[in-house]
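Student: The structure is given below, and queries will be raised subsequently.
Number of protein chains: 4
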Amino acid sequence: MSGNTFGTLFTVTTFGESHGPAIGCVIDGCPPGMALSEADIQFDLDRRKPGTSRHVTQRQEPDTVEILSGVYEGKTTGTPIALLIRNQDQRSKDYSNIAESFRPGHADYTYWHKYGIRDPRGGGRSSARLTAPVVGAAAIAKKWLQQQYGTIFRGYMSQLGELVVPFEDWSHVTENPFFAANASMIPQLESYMDALRKSGDSCGARIEVVADNVPVGLGQPIYDKLDADIAYALMGINAVKGVEIGAGFASVAQKGTEHGDELTPEGFASNNAGGVLGGISTGQSITASIAIKPTSSIHTPRHSIDKAGNPIMVETHGRHDPCVGIRATPIAEAMLALVLMDHALRHRAQCGDVSVSTPKIRAQRP
Amino acid sequence: MSGNTFGTLFTVTTFGESHGPAIGCVIDGCPPGMALSEADIQFDLDRRKPGTSRHVTQRQEPDTVEILSGVYEGKTTGTPIALLIRNQDQRSKDYSNIAESFRPGHADYTYWHKYGIRDPRGGGRSSARLTAPVVGAAAIAKKWLQQQYGTIFRGYMSQLGELVVPFEDWSHVTENPFFAANASMIPQLESYMDALRKSGDSCGARIEVVADNVPVGLGQPIYDKLDADIAYALMGINAVKGVEIGAGFASVAQKGTEHGDELTPEGFASNNAGGVLGGISTGQSITASIAIKPTSSIHTPRHSIDKAGNPIMVETHGRHDPCVGIRATPIAEAMLALVLMDHALRHRAQCGDVSVSTPKIRAQRP
Amino acid sequence: MSGNTFGTLFTVTTFGESHGPAIGCVIDGCPPGMALSEADIQFDLDRRKPGTSRHVTQRQEPDTVEILSGVYEGKTTGTPIALLIRNQDQRSKDYSNIAESFRPGHADYTYWHKYGIRDPRGGGRSSARLTAPVVGAAAIAKKWLQQQYGTIFRGYMSQLGELVVPFEDWSHVTENPFFAANASMIPQLESYMDALRKSGDSCGARIEVVADNVPVGLGQPIYDKLDADIAYALMGINAVKGVEIGAGFASVAQKGTEHGDELTPEGFASNNAGGVLGGISTGQSITASIAIKPTSSIHTPRHSIDKAGNPIMVETHGRHDPCVGIRATPIAEAMLALVLMDHALRHRAQCGDVSVSTPKIRAQRP
Amino acid sequence: MSGNTFGTLFTVTTFGESHGPAIGCVIDGCPPGMALSEADIQFDLDRRKPGTSRHVTQRQEPDTVEILSGVYEGKTTGTPIALLIRNQDQRSKDYSNIAESFRPGHADYTYWHKYGIRDPRGGGRSSARLTAPVVGAAAIAKKWLQQQYGTIFRGYMSQLGELVVPFEDWSHVTENPFFAANASMIPQLESYMDALRKSGDSCGARIEVVADNVPVGLGQPIYDKLDADIAYALMGINAVKGVEIGAGFASVAQKGTEHGDELTPEGFASNNAGGVLGGISTGQSITASIAIKPTSSIHTPRHSIDKAGNPIMVETHGRHDPCVGIRATPIAEAMLALVLMDHALRHRAQCGDVSVSTPKIRAQRP
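Protein chains in written order, with the numbering used here: chain A, 217 to 582; chain B, 217 to 582; chain C, 217 to 582; chain D, 217 to 582.
Here it is, written out as structure tokens:
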């Protein structure tokens, strides 16, 4: 496979480039009979779309979705659902000056070496714009999982550059452009971003994502473990360099007596596992963290080479997110939802309809 | 798919349980005409096998491999290669006392919920013993990649519980039972483990794994990115809770001017990328880190429940690794090798034979 | 998988229904760097499109294709190629009268039982209209195979209802609406179809399809044999009930001395094999035949039941092909091309670039 | 994929060569909790094994199966089931004289061209001996389908060379070595085979295979149609050159009024469909026919070439089936069972547990 299909039973095949005529996807395997309209999908697309604050790219894309197939009289038919989003705000000429050189930390170098051809317009296929179709597809998965098991997906930014953003309350997340679960730090985050932009530099971010009310038993050991597939899904998001499940890297220094979540008749007493044991969901909340690297397209000159291998200095202008992590929260939720959806179908293929036996949980993270 | 096959073009399908009659695998997609014998495979199996020091499980398994198919007159034929390892040192009775209860942090809870049935003998299918067949399969991948591109795989333990183990030199790794790249800390690591065992507890570990001489262009964006598949492979190893590529979580606090590896006519000037940009290999060394949680089977009593949901205290006896991370280095190398092998074949499917154009690298990690 | 993707390395994922807003597909795995434009694809779409003679459905669809992605400056980039065809001539109301009943021999019965929902508009997803996207995708495969190996694909109708249509010459095929390789029988075929339409009935057809200049070595035994995949591809075409490779059912009564194609230094002396031995291409021409059943939507009343299980009489009006086999020749060629394309990539994944060693052939069929 | 795995959710990965140390398979995706022992599997292996009459190869293989994994305390665990069959009666030296030449109609030519290497011992991987593991795997599928839906699989030989063998009664099939559903013709079939053997020649055969009590709704349009997958499975059996579903090639000359099976409140009135409409099972019996070519290894000299391309005469000695079709009936049943099993799991992945609504059938074939 050439890598443009996500999932095995609930599959999402995406297409498109940042500045081509359109982007979109084909979703195969959606159970029939679920009510579905464009509005169900547009909501999450709007959470991800560019141009919504001064801290993200100023490209203006309404990201209006059209359902081309798979829905009849307002219900899914069980056949492929195709989503189409026309690109509106292409500016290909922005990229002509960089078509012959490589940006440090950018995929332009590897695409050119792999394919012997390169679409320089906004990163072409490697652009983070291509997360829009999966966010659309995941909205369908989320709706089904919510109806079937009550599963819900949430996320927040827990660090922006050097600034740790402590979790205060879920209610804050929708009230600021950073997806921060913290109201008091917003002015500080805004100043940080304003200074960063002025300096012509970029920064990284850390995102936490959580799924609550996950049925026990999802995951296919021993290679398609639920956490392995989550790691695959999250590491595959543009610019991600690290993934943790539950206690993550902190578990290295934990003792067994500390790490293993004790069980009680009322549920698990803690959640170091992040909701997965042996690659199978426990019924605890699924918790994962990702590290997002700083954007590679920056206004500061850096050493590089051109296609002929000659040394050059390169700096990037045009419209770029100074921190791609700012818009990453809905994307991370989407990827997690797609993994759970796929595993829900895989589980019932082998074991029959999932009996919803979600153990009570005493302690969750955060 | 039910999750017991690793890879898409170079596939490894494993079978077996910790205390069943045998474990093994079927490898499909191996290029024909490569010299191969059991000795090629046994070497890596011996690096992984139990019972080689007092710091790991005392189960005695020679892990002798038999090639059942796919090799004729000492050469691979292009047809499936089946590997068989008979289990020798089963002690099923060790587990009868835990068959009705669940260990905190152990897969026994999730297997029972998923399948409605559970093999309590040494964890059954969820045992780390099942890493042996993939280590065997990866020996074949390593040999092919080495011959084709000169690619080599190495790894070491960089942290044991709270003890950070600084990298000194690769030569030390084979000289101690911890796979530490550091000679002077060995006495400290041995005392740490002796104290841990006495206390009836367990600890985690951190492992670094590196592939050198990787051709440019491997990886299939945008979902089967090389780093996404590495994350999938490494997170799928028993007890792993976190995966980093290159700078990993440190990249959150890096600036773009710091993170993006500059290019020069002599090669990359640094390796924050960990050898992957846009999901495609750059020709830099691939570098990854994993966090391994402490073993869940410990001699200390913990709160849990039995199958009926009643509260109980559970403690585990029998033979267990007090730190599964100690034997994890060859396993991590193996998983990385399987990912690169699969992507080498995927690349040449679409783009033809890989032209080995490995850019010179000035700075590598470590 | 839910069955809407064809192929494993060169994959075609289609979407759409007969009377929805659009049909199309996403092609993944196309090698980069090949010149490609809409004109390359339109040619084959025009050979398949409806309304081109009085013997086929009178639905007017220009089937104009738009390439949405995967091509930059006239060349394939190696990323997904999305094709979009807007439906133009929908008449959903034609189908309201049949929405509650089942046509003998039609998929409406099984779709309703499988999905619990049914799109009655022109057969919805089960319509032969959905062969358009694969014909489009196959045009890309044909171009690549032609450039790489000189492979060409041809087909013709060898039987229409009871009328056997002997092969005379390839040149005739493009000169009549039946794809008959025979000029003299055209008046007879036209009268036959005119009488059939008047009678309100339908008939079957037999199609032969041939690939010349196929490299030796394509096919992946022992399950993805080349002939097994051809059978899968051809039997999957709407209304096909039988598939033969080479001598087909005639081989039952052949002796071994008669069937096995002798080899000479100048090539094979005959082609009973149909170009495949042991599931791998021999370099002989690939030859296959298919049987197409008569259309199920006919103007003659037949016994059936409604959704409630009550007996009814059903007859179908609206626009239908009285013999779906008439337009099947380009579809069969397309499916054969997709199979060979997929296997060409699979072969080079495992065995490296195909060395084009096509043995000389003395005798071909027809 | 390299073609050695059958199925998508219920997968069978086979390994082994005709004269290697062992053959076997790994079955993944079997639902947990089903009682299973070696005896369940041995029954079908014994129906297929060689040496049971003078009309088949005299190789003596008990084909004793060992279950290596996936069963605990007599029940399937949901983890991979590995089956091992040791080869007992290898005679590699029989083949030394043919290692440098190619038999007309044999896979030795294509294997050598594809892989650049060839195992001449009894056809190596291309041997019909490799049908044993799938017959074993299918025994598990049959048991599950029988318990779940009451589905049963049967087959018979309907033609041997030129001799048509009319169906009389299922009871005869087990009473003769030909799987003929006809008692009176047995002496004629025995004389035919005796004469054939004496002449040093071989012949083809035609096999019919039927599945009764198939639930409605199995099949994944539009590419993994149930009949497409059946065609793939049956054409993939060694020596098969043609596949028909239901009326097959006879449907070419049928009218729509004749072919389409009318529905009545009591069930379908006929079965031209062979149990599949639009790629989805109807609840009618699934009926399929296959054409098997004559064995290529014969005692009669034929024109061929050696590896260097020089003309030679080749004739084969050693132990060969003079009609591979004689043992093909249990193999065809097995392949059909594997297809239905896979689709049963695929269906419930997307649509939930199959509601067993098998419409009553008035007319079945034969």
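Idealized CB from N, CA, C, for every residue including glycine.
Taking 9 Å as the threshold (beta carbon to beta carbon), is C/Asp569 in contact with chain B?
Tutor: So yes, C/Asp569 belongs to the interface.
Student: Determine whether the Cβ of C/Tyr365 lies closer than 9 Å to any Cβ atom of chain D.
Tutor: Output row for C/Tyr365: interface = no.
Student: Looking at the secondary structure, which residues open and close the alpha helix (DSSP H) in which C/Pro510 lies?
Tutor: First-last for C/Pro510: undefined, no H or E at that position.
Student: Is there a C-beta anywhere in chain A that falls below 9 Å from the one on B/Leu300?
Tutor: No, B/Leu300 does not count as interfacial toward chain A.
Student: Could you give the DSSP three-state label for B/Arg345: helix, strand or coil?
Tutor: Three-state DSSP puts B/Arg345 in a helix.
Student: Any C-beta of chain D within less than 9 Å: which residues of the segment 340 to 373 of chain A qualify?
Tutor: Here the close residues number zero.
Student: Would DSSP call A/Tyr408 helix, strand or coil?
Tutor: The answer is helix: DSSP assigns A/Tyr408 an H, G or I state.
Student: Can you look up D/Gln580 in the DSSP assignment and give me helix, strand or coil?
Tutor: Model confidence at D/Gln580 stands at a pLDDT of 43, short of 50, so the residue's coordinates are unreliable; what they give is reported in the following sentence. Correct three-state label for D/Gln580: coil.
Student: Smallest Cα separation from C/Asp477: which of C/Ile528, C/Ser218, C/Ala485?
Tutor: Closest by alpha carbon: C/Ala485.
Student: D/Gly499 and D/Val430 - do their beta-carbons sit closer together than 9 Å?
Tutor: In this structure, D/Gly499 lies closer than 9 Å to D/Val430 by Cβ.
Student: Please list the partners that C/Met217 has in chain A, where partner means a Cβ-to-Cβ separation under 9 Å.
Tutor: Going along chain A in sequence order, the residues near C/Met217 (Cβ under 9 Å) are Thr224, Leu225, Thr227, Asp244, Gly245.
Student: Helix, strand or coil for C/Leu252, going by three-state DSSP, please let me know.
Tutor: Looking at C/Leu252 - three-state DSSP - the assignment turns out to be coil, as it is neither helix nor strand.
Student: Pick from B/Asp324, B/Gln306, B/Val350: whose alpha carbon is nearest that of B/Ala553?
Tutor: The residue with the shortest Cα to Cα distance from B/Ala553 is B/Val350.
Student: In angstroms with no decimal places, state the Cα-to-Cα distance between C/Gly219 and A/Phe226.
Tutor: Distance between the alpha carbons of C/Gly219 and A/Phe226 is about 11 Å.
Student: Helix or strand or just coil, what does DSSP make of D/Lys265?
Tutor: Coil at D/Lys265, not helix or strand.
Student: Express the C-alpha separation of D/Glu316 and D/Val530 in angstroms, rounding to a whole number.
Tutor: C-alpha separation (whole angstroms): 10 Å.
Student: Can you have a look at B/Trp386 and say buried or exposed, based on whether 16 or more other CB atoms are within 10 angstroms of its CB?
Tutor: Answer is exposed; the Cβ neighbour count stays below 16.
Student: Which first and last residues belong to the beta strand (DSSP E) in which C/Cys241 is found?
Tutor: That run of the beta strand (DSSP E) goes 238 to 244.
Student: With a threshold of 9 Å between beta-carbons, can D/Gly294 be considered close to chain G, or not?
Tutor: Among the chains of the structure shown, chain G does not appear; the protein chains present are A, B, C and D.
Student: Say whether chain C places a C-beta atom closer than 9 Å to the C-beta of B/Gln470.
Tutor: No, because no Cβ of chain C sits closer than 9 Å to the Cβ of B/Gln470.
Student: Can you name, in chain order, every residue of its own chain whose Cβ lies under 8 Å from the Cβ of A/Gln276, other than the five neighbours on each side?
Tutor: Closer than 8 Å at the Cβ level, and outside the excluded window around A/Gln276, lie Pro266, Gly267, Gln304, Asp305.
Student: Let me check understanding here. Comparing Cα to Cα, which of B/Ala353, B/Leu346, B/Asn454, B/Thr390 lies closest to B/Arg263?
Tutor: Comparing Cα positions, the closest option is B/Thr390.
Student: Please report whether the beta-carbon of B/Tyr288 lies at a distance below 9 Å from any beta-carbon of chain A.
Tutor: By this cut-off, B/Tyr288 is not an interface position.
Student: Could you work out which residues of chain B lie near A/Thr516, taking near to mean beta carbons separated by less than 8 Å?
Tutor: Ordered by position in chain B, the residues that pass the 8 Å Cβ test against A/Thr516 are Gly472, Thr473.
Student: Can you have a look at A/Ile577 and say buried or exposed, based on whether 16 or more other CB atoms are within 10 angstroms of its CB?
Tutor: At A/Ile577, the pLDDT of 47 sits below 50, so the modelled position is not reliable; the number obtained from the coordinates is stated separately. Its Cβ being crowded by 16 or more others within 10 Å, A/Ile577 is buried.
Student: Classify C/Cys567 as helix, strand or coil using the three-state DSSP reduction.
Tutor: It is helical.
Student: May I ask you to list the residues that DSSP assigns as paired with A/Thr273?
Tutor: Answer is none; A/Thr273 lacks a bridge partner.
Student: Using alpha carbons as the reference points, say which of A/Thr280, A/Trp360, A/Asp279 lies closest to A/Ala560.
Tutor: Of A/Thr280, A/Trp360, A/Asp279, the residue nearest in Cα terms is A/Trp360.
Student: Tell me, to the nearest whole angstrom, how far the beta carbon of B/Met214 is from that of B/Cys539; I am working on the premise that it is less than 8 Å.
Tutor: As displayed, chain B neither begins before 217 nor continues past 582, which places residue 214 of chain B out of reach and without an answer.
Student: Out of D/Ala504, D/Ile542, D/Lys471, point me to the one whose CA is closest to C/Ile514's CA.
Tutor: Checking every option, the nearest Cα to that of C/Ile514 belongs to D/Lys471.
Student: When you compare the CB positions of B/Pro301 and B/Ala348, do they come within less than 9 Å of one another, or not?
Tutor: Here residue 301 of chain B turns out to be Ile, not Pro, going by the sequence shown. Yes. Within cutoff.
Student: Ignoring anything shorter than 3 residues, give me the beta strand (DSSP E) runs that lie fully in the segment 494 to 530 of chain A, in order along the chain.
Tutor: Entirely contained in the segment 494 to 530 of chain A, the beta strand (DSSP E) runs reaching 3 residues are, in chain order, 502 to 508, 518 to 521, 527 to 530.
Student: Going along the segment 437 to 460 of chain A in order, which residues come within less than 7 Å of chain B, judged by CB to CB distance?
Tutor: Per Cβ criterion, the list reads Pro437, Ile438, Tyr439, Asp440, Lys441, Asp443, Ala444, Asp445, Ala447, Tyr448, Met451, Gly452, Lys457, Gly458, Val459, Glu460.
Student: Apart from the five residues on each side of it in sequence, which residues of its chain come closer than 6 Å, Cβ to Cβ, to D/Arg399?
Tutor: Sequence inspection shows Ala at residue 399 of chain D; the Arg mentioned does not correspond to that position. Contacts found: His388.
Student: Can you look up D/Phe369 in the DSSP assignment and give me helix, strand or coil?
Tutor: If DSSP states are grouped into helix, strand and coil, D/Phe369 belongs with the strands.
Student: In terms of residues, what are the limits of the alpha helix (DSSP H) holding A/Lys330?
Tutor: Where A/Lys330 is concerned, the enclosing alpha helix (DSSP H) stretches over 324 to 331.
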